[in-house]
Amino acid sequence: MEFFKNAVNWASGPTVLFTLSTVGLLLSFKYTQIWSKKVAYIFFAVFALVYFTSMLDPNFYLIVAKPDNVPITFVLFLVAFFTWYAMYQGVENDKRIEAGEDVLEKQEQEKVWVWPDLVYTELLCMVILGVGLMVWSILLPAPLEQPANPADSPNPSKAPWYFLGLQEMLVYYDPWLAGVVFPTLIIVGLMAIPYIDTNPKGNGYFTFKERKAEIAIFLYGFLVLWVLLVISGTFLRGPNWNFFGPYEYWDQHRIEPLLNVHVSDFFWVRGLGRPLPSNPIVREFLGIILVLFYVGVLPVLMARPREKLPKFLQWISLNKYFQKMGPARYYLGVILFLAMLSLPIKMYLRWAFNLKYVVAFPEIFFNI
Amino acid sequence: MAQEEKKAATDGADKAAKPAAKKKGKDVSRREFNWLALGWTFFAAATAAGLGAMGRFMFPNVLTEPPSSFKAGLPSDFAIGVVDTRFKEAYQVWIVRNEEGIYALSTICTHLGCTPNWLSAESKFKCPCHGSGFYMSGINFEGPAPRPLERHRIVLAEDGQVLVDKSRIYKQEAGQWSDPESFLTLA
Amino acid sequence: MEKVWSAISGAWDATTESQVWKSVFRHGAVTSNRNRVLVMMSNVFLHLHPVKSRKAGIKLRYTWCMGGITFFLFLVLTFTGLLLMFYYRPTVQYAYSDIIDLGEHVPLGVMRELHRWGAHAMVITVWLHMFRVFMTGSYKPPREFNWGIGVILLVLTLLLSFTGYLLPWDQLAIWAITVGSNMARATPLLGTEGPLTAALKLGEINLVNSGNDARFALLGARSVGENTLLRFYVLHCVGLPLAAAVLMAVHFWRVRKDGGISGPM
Ligand code: HEM
Ligand code: FES
Chain D
114 MEFFKNAVNW ASGPTVLFTL STVGLLLSFK YTQIWSKKVA YIFFAVFALV YFTSMLDPNF
174 YLIVAKPDNV PITFVLFLVA FFTWYAMYQG VENDKRIEAG EDVLEKQEQE KVWVWPDLVY
234 TELLCMVILG VGLMVWSILL PAPLEQPANP ADSPNPSKAP WYFLGLQEML VYYDPWLAGV
294 VFPTLIIVGL MAIPYIDTNP KGNGYFTFKE RKAEIAIFLY GFLVLWVLLV ISGTFLRGPN
354 WNFFGPYEYW DQHRIEPLLN VHVSDFFWVR GLGRPLPSNP IVREFLGIIL VLFYVGVLPV
414 LMARPREKLP KFLQWISLNK YFQKMGPARY YLGVILFLAM LSLPIKMYLR WAFNLKYVVA
474 FPEIFFNI
Chain C
94 MAQEEKKAAT DGADKAAKPA AKKKGKDVSR REFNWLALGW TFFAAATAAG LGAMGRFMFP
154 NVLTEPPSSF KAGLPSDFAI GVVDTRFKEA YQVWIVRNEE GIYALSTICT HLGCTPNWLS
214 AESKFKCPCH GSGFYMSGIN FEGPAPRPLE RHRIVLAEDG QVLVDKSRIY KQEAGQWSDP
274 ESFLTLA
Chain G
56 MEKVWSAISG AWDATTESQV WKSVFRHGAV TSNRNRVLVM MSNVFLHLHP VKSRKAGIKL
116 RYTWCMGGIT FFLFLVLTFT GLLLMFYYRP TVQYAYSDII DLGEHVPLGV MRELHRWGAH
176 AMVITVWLHM FRVFMTGSYK PPREFNWGIG VILLVLTLLL SFTGYLLPWD QLAIWAITVG
236 SNMARATPLL GTEGPLTAAL KLGEINLVNS GNDARFALLG ARSVGENTLL RFYVLHCVGL
296 PLAAAVLMAV HFWRVRKDGG ISGPM
């Protein structure tokens, strides 16, 4: 038992959890047969069993059963279920396509009367949901904490759960990026999806094979970079914003020194063994070059054909997409994609090197 | 190509709209164009003015805020090496006395505005929200805070008391801590 | 038994054949095809629907009814929110105690629960709705524009939730809003601590300061206080729901005009 708990606690550390989720998701795209009914039954049964018996653990119970955290349990199960359901239907349709059959949605083209076929379904949904909400409200009183006191911040202070993804970004990026630029990019990026994605297939039915890249990118963003951060932000972030495993006690006094190192420190102090130059531009030149390379040069390199790239870089070529989408769509898409990847990149840099800023101009609040 | 066809099939209006738009572009005479331009310019200007006025409406001319300066007692009330937290609740200020003098630190974390706690055992300010840590001087050394805590104007009033004025802010990263009024030097 | 039964059905017939009933419902029992058309055409609420629809598109398997559920939750929230407004006063002095009273001094003390858990549920269902729309590729032509409307609805839903979070005026509320609104300070050019803002200077005076930056517009003050509570209240109860309702009308209209629920061509 203890062994199991320790293993889960270990696997819930940010590095391991994040890496496992990413790898797991990528593998599931390769071995699509795992999106089957059988695997789903086993997975949900085991997961639910572990989850609900874990309630016996006092530390786990304290966090999961907190009234405001109850929705997160719903998120966890609903998102898992619907991800499986969408992928399952997609994989089933892919089999039909492969066999030369029509997709399921195409087989049901005939028109039916909306009354009663749809109206009654809607009515039923409404009644079930209404009753469910009523039961939830009677069983679980809405929380109310101490009256507001501007002189005393609770520890930890959390944003509402649906913004915990943003709050998690704030650990790795300054507010102007994590709080302003990234949210804007998320909104703009979502709105731009239909204009970037020109793949005419997979419109109006579930499929995976016909739109692999789109689905993979979207699922990575939605599941790993958003929902996973929300869940870990709620359940695993404790006092002083430290990480705690699900079975760990939230110790207010656990000290984890967070020593900050910048790229400039790596280059000047550790690399060349001299003090930081006083001219800020000189001080930060390496970071500036890295950032400019990432947003300015990398997309251009990726647009080039494979054989025109040096050997070790050939894997980054997206020439296929550049050809298919044309320059405007390609660059918009790639820049949004790189912006999305900049979050995990910075996360890993932080975990591996304690890196705080790539470029740091605290004088003008311009830190990356 | 396939996409074009689908679009046309589902959306007949789309098909009709395209050639029409082209024709219309050619049909607008010079005269008509001038009127159109004038009309839209006026419309845009009126909209911009309206939005500007509405924006301005959100910033009141008078704001009732608690008085920004207060007297904190005589310099001798503060012991050397101690962070005085008596004014935290009412004025969001810590008053700190060191060997050379006294300074007033803002209690607002420079990360996202939570109120850190003074942990005397570890001799640091620690923010509960995201874990930023500050030395007694206000300099940040751990966590996400990008810069040191701010200091407020601190001088001696005529009656010999320490006067803290919160409306004036001194930032270390802007080199303002060398300002004589950011630090009350005591002989 | 027989008698009771015939009395009931007699009363039912008398009701549905009365002038009053007929003036309200312009069709007979919805058992004939003619009436299946009429019910959709003559009822303002039902006319969001088409008369007939492709079978695949109305299956729960396809839409998960997520958009519909989201809309239903919006209606529940509007209604319960309206009831809460009868007792809640958005001032620092009263807000917190009014919330306590809502649970203790008012009959059916679950109104606050319905509103709060309904709001949480709505956030979840909007996400899932967007997820479904993505996974069926329903944003592809001709539905690009409606996807965009949807994204704005998603943002509005989150903002509605966020502004409501402040109203109980407890510790959870003010610190969540303090941290959240402090991000506005970091807006480039418009926030006091944003990059490039420092460049906006007239002589020695900073053009953008804590008294006129983006955060101030949100809070109505330099820190979360009385003005903030009022601003969030107005946005939460009037501004944002109104915007959301208008956009939902556009959203539903476009679902119909873009050819109904998507399906393979
Ligand atoms: C307040 C929030 C929203 C409400 C009340 C709402 C409601 C609905 C409803 C009732 C439908 C009919 C089909 C269905 O139930 O799935 C629908 C379809 C649709 N929604 Fe939403 N929606 C909302 C938010 C969104 C969001 C966030 C997106 C995407 C970013 C979106 C994009 C779409 C699209 C593209 C369709 C057409 C789908 C198809 O034809 O298959 N909506 N919406
Ligand atoms: S507000 Fe203090 S660390 Fe974030």
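Line by line, the protein sequences are chains D, C and G. Quick note: the first sequence uses our numbering, first residue 114, plus one each step. Quick note: the second sequence uses our numbering, first residue 94, plus one each step. Quick note: the third sequence uses our numbering, first residue 56, plus one each step. The beta-carbon is built from N, C-alpha and C at its ideal position, and this holds for glycine as well.
Practice item. From the DSSP output, in three-state form, read off residue 57/G for me. Key: Of the three classes helix, strand and coil, the one that applies to residue 57/G here is helix, per DSSP.
Check your understanding: Can you tell me whether DSSP reads residue 263/C as helix, strand or coil?
Key -> The three-state reading of DSSP puts residue 263/C in strand, counting E and B together.
Exercise for review: Would you decide whether residue 156/D is buried or exposed? Buried here means 16 or more other CB atoms lie within 10 Å of its CB.
Suggested key: Counting C-beta atoms within 10 angstroms of its own C-beta, residue 156/D has fewer than 16 neighbours from the protein chains shown and is therefore classed as exposed.
Practice item. Could you check what DSSP says for residue 316/G in three-state terms: helix, strand or coil? Key: Three-state DSSP puts residue 316/G in coil, outside helix and strand.
Practice item. Run down chain B in chain order and give the residues with a C-beta less than 8 angstroms from the C-beta of residue 234/D. Key: No chain B is present in this structure, whose protein chains are D, C and G.
Exercise for review: Give the DSSP-derived three-state secondary structure of residue 100/G in the structure shown.
Suggested key: Secondary structure of residue 100/G (DSSP, three-state): coil.
**Study point:** Under 8 angstroms from the C-beta of residue 233/G: neighbouring residues of chain C
**Key:** At a C-beta separation below 8 angstroms, residue 233/G has these neighbours in chain C: 205, 206 and 207.
Exercise for review: Select from the segment 301-312 of chain G all residues with a C-beta closer than 9 angstroms to any C-beta belonging to chain D, and list them in chain order.
Suggested key: Residues: none.
Review point. At a Cβ threshold of 8 angstroms, is residue 239/D touching chain G?
Key: Yes - at least one Cβ of chain G is within 8 angstroms of the one on residue 239/D.
Practice item. Give a yes or no on whether the C-beta atoms belonging to residue 186/C and residue 199/C are separated by under 8 angstroms. Key: Cβ distance < 8 angstroms, so residue 186/C and residue 199/C count as in contact.
Review point. Between which two residues does the alpha helix (DSSP H) containing residue 177/C stretch?
Key: First-last for residue 177/C: 175-177, but that is the beta strand (DSSP E), not the alpha helix (DSSP H).
**Study point:** Contact under 8 angstroms by Cβ, residue 196/C with residue 276/C
**Key:** Contact flag set, yes.
Review point. According to DSSP, what are the bridge partners of residue 233/C?
Key: DSSP output for residue 233/C lists 227/C as bridge partner(s).
**Study point:** Rounded Cβ spacing between residue 230/G and residue 207/C (contact assumed at less than 8 angstroms)
**Key:** Confirmed, Cβ separation roughly 7 angstroms.
Review point. So, using beta-carbon positions, are residue 309/D and residue 442/D closer together than 8 angstroms?
Key: In this structure, residue 309/D lies near residue 442/D, with their beta-carbon atoms less than 8 angstroms apart.
Check your understanding: Whose beta carbon lies closer than 7 angstroms to any heavy atom of the ligand FES, going through the chain in order?
Key -> The set of residues with a C-beta under 7 angstroms from any non-hydrogen atom of the ligand FES comprises 202/C, 204/C, 205/C, 206/C, 207/C, 209/C, 220/C, 222/C, 223/C, 224/C, 225/C, 236/C, 237/C, 238/C and 234/G, given in chain order.
Check your understanding: Listed in chain order, which residues of the segment 466-477 of chain D have Cβ atoms closer than 7 angstroms to some Cβ of chain C?
Key -> Only those residues of the segment 466-477 of chain D whose C-beta falls short of 7 angstroms from the nearest C-beta of chain C are listed: 475 and 476.
Check your understanding: Going by C-alpha distance, which of 252/D, 146/D and 287/D is nearest residue 223/C?
Key -> Nearest Cα to residue 223/C within the set 252/D, 146/D and 287/D: 287/D.
**Study point:** Chain-ordered chain C contacts of residue 266/D [CB-CB under 7 angstroms]
**Key:** In chain order: 207, 208, 221 and 222.
Check your understanding: Taking the continuous beta strand (DSSP E) assigned at residue 131/C, which residues delimit it?
Key -> Careful: residue 131/C lies outside any beta strand (DSSP E), inside the alpha helix (DSSP H) at 123-150.
Check your understanding: How would you list, in chain order, the residues of chain C whose beta-carbon sits under 8 angstroms from the beta-carbon of residue 352/D?
Key -> The answer, in chain order, is 221.
Check your understanding: For residue 154/D, which of helix, strand or coil comes out of DSSP?
Key -> Residue 154/D carries a helical assignment under DSSP once its states are collapsed to helix, strand and coil.
**Study point:** Per-residue burial, residue 98/C [other beta carbons within 10 Å of its own, 16 or more giving buried]
**Key:** A caution first: residue 98/C carries a pLDDT of 43, below 50, which makes its placement in the model too unreliable to give a value.
Exercise for review: Measure the alpha-carbon distance for residue 262/G versus residue 214/G and round it to whole angstroms.
Suggested key: Residue 262/G and residue 214/G: Cα-Cα distance of roughly 29 angstroms.
Check your understanding: Measuring from the CB of residue 120/G, is there a heavy atom of the ligand HEM at a distance below 7 angstroms?
Key -> Flag set: Cβ of residue 120/G near the ligand HEM.
Exercise for review: Give the straight-line distance between the Cα atoms of residue 162/C and residue 245/C, rounded to the nearest whole angstrom.
Suggested key: Taken atom to atom, the span from the alpha-carbon of residue 162/C to that of residue 245/C is near 10 angstroms.
Check your understanding: Using the beta-carbon count (16 or more within 10 Å), is residue 241/G buried or exposed?
Key -> That one is buried.
Check your understanding: Quick one: is residue 240/C near chain D, going by C-beta distance under 8 angstroms?
Key -> Closer than 8 angstroms: yes.
**Study point:** Outcome for residue 241/C when other beta-carbon atoms lying within 10 angstroms are tallied against a minimum of 16
**Key:** With a threshold of 16 other beta carbon atoms within 10 Å, residue 241/C meets it and is buried.
Exercise for review: Starting from residue 122/G, trace the beta strand (DSSP E) both ways and give me its first and last residue.
Suggested key: Element bounds for residue 122/G: not the beta strand (DSSP E) but the alpha helix (DSSP H), 121-140.
Check your understanding: Could you check where the alpha helix (DSSP H) with residue 245/C kicks off and where it finishes?
Key -> Going by DSSP, residue 245/C is part of no alpha helix (DSSP H) but of the beta strand (DSSP E) stretching over 244-249.
Review point. Using 8 angstroms as the limit for Cβ to Cβ distance, is residue 289/G near chain D?
Key: Against chain D, the CB of residue 289/G has no partner CB under 8 angstroms away; the residue lies outside that interface.
Review point. The alpha helix (DSSP H) spanning residue 151/G covers which residue range?
Key: Taken as a continuous stretch (DSSP letters only), the alpha helix (DSSP H) holding residue 151/G covers 150-159.
Review point. Listed in chain order, which residues of the segment 174-188 of chain C have Cβ atoms closer than 9 angstroms to some Cβ of chain D?
Key: Against chain D - using a Cβ distance shorter than 9 angstroms - the residues of the segment 174-188 of chain C are 181, 182, 183 and 185.
Review point. In chain order, what residues of the same chain lie with their CB nearer than 6 angstroms to the CB of residue 272/D, ignoring the 5 residues before and after it?
Key: Correct list, in chain order: 280.
Review point. So is the beta-carbon of residue 141/D under 7 angstroms away from any non-hydrogen atom of the ligand HEM?
Key: For the ligand HEM, not one heavy atom lies less than 7 angstroms from the Cβ of residue 141/D.
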